[in-house]
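Reading through the structure tokens given below for one structure.
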Amino acid sequence: MARRIDYSARYHYSTEQVYSALTNRDYWEAIVEKMREFSPNHIESFEVGPSGIDIVFHHILPRELLPEIAQTVMRKDMVITRKQSFSPFGPEVTGQYAASIPGGPGSLTGTMRLFETEAGCTLRTSSEAKVYIPGFGPKLEQLMLVNVIDLFRGEAEVTVDWLDKLTAS
């Protein structure tokens, strides 16, 4: 059985300003730099075109930093590939992501919506975690979802910092 969770990042910036950041590789490099505080990360690919935005990240979590329950399943460092895409700019931007672990026991996927609000805009992410290990599944799913919310919260902080600096200059 899968577990789901939603996270909303609310910005006092317009959808156009947030989307503009999403189209900038330097913005994504700033996010990766923030993630490097916790583990090695890098951008594998980044493309912006008429069909939208596509980005692929590699996150490497050293095994010794994983929670004990995860160490029972993972015998070496956890390498996570996250593929994320956004539609072209419009009144509502949609997106999706998928995180995969080679030989991993489950999946983490989600959808995203960037839309206007009275105070600016919101980027809402709906995530779903599935782990196929009897007995461990629900605990690992919950752990994955808590960590992905922390990741998105950190990305939202970088977004605000990025846009604050951009609009101040």
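Numbers given in the numbering used here equal positions in the sequence shown, counted from 1, plus 686.
From the three backbone atoms N, C-alpha and C, an ideal C-beta is built for every residue, glycine too.
Nothing here was measured: the structure is a model prediction, and the numbers come from that model.
Out of curiosity, what's the CA-to-CA distance linking Met-721 and Asn-727? 7 Å
If Asp-740 sits next to Glu-733, beta carbons under 8 Å apart, how far is it from one beta carbon to the other, in whole angstroms? 5 Å
Mapping the DSSP letters down to three states, classify Thr-795 as helix, strand or coil. strand
Helix, strand or coil for Thr-845, going by three-state DSSP, please let me know. Here Thr-845 sits in helix by DSSP.
If distances are taken between C-alpha atoms only, which option among Asn-833, Glu-754, Tyr-697 comes closest to Thr-803? Comparing alpha-carbon positions, the option among Asn-833, Glu-754, Tyr-697 lying closest to Thr-803 turns out to be Tyr-697.
Are three or more beta carbon pairs between the stretch 687-702 and the stretch 807-820 nearer than 8 Å? yes
Taking buried to mean at least 16 other C-beta atoms within 10 Å of its own C-beta, is Val-834 buried or exposed? buried
Nearest-angstrom Cα separation, counted from Pro-736 out to Thr-780: 14 Å
Return the first residue and the last residue of the alpha helix (DSSP H) that Ala-679 is part of. Summary: the structure shown does not reach residue 679, with the chain confined to residues 687 through 855, and so no result is reported for it.
Strictly by DSSP, which residues pair up with Asp-692? Beta-bridge analysis with DSSP links Asp-692 to Ser-812.
Drop a sphere of 10 angstroms on the beta-carbon of Ile-717, count the other beta-carbons inside from all chains shown, and report buried for 16 or more, exposed for fewer. Buried, since its Cβ has 16 or more Cβ neighbours within 10 Å.
Nearest CA to the CA of Lys-769: which residue from Leu-831, Ser-793, Phe-743? Phe-743
Determine the closest residue to Arg-689 out of Glu-702, Gln-828, Glu-754, Val-846, with distance taken between C-alpha atoms. Gln-828
Determine whether the beta carbon atoms of Ser-786 and Ile-691 lie at a separation below 7 Å. no
Could you please give the first and the last residue of the uninterrupted alpha helix (DSSP H) stretch that includes Thr-758? No alpha helix (DSSP H) contains Thr-758, which DSSP labels as neither H nor E.
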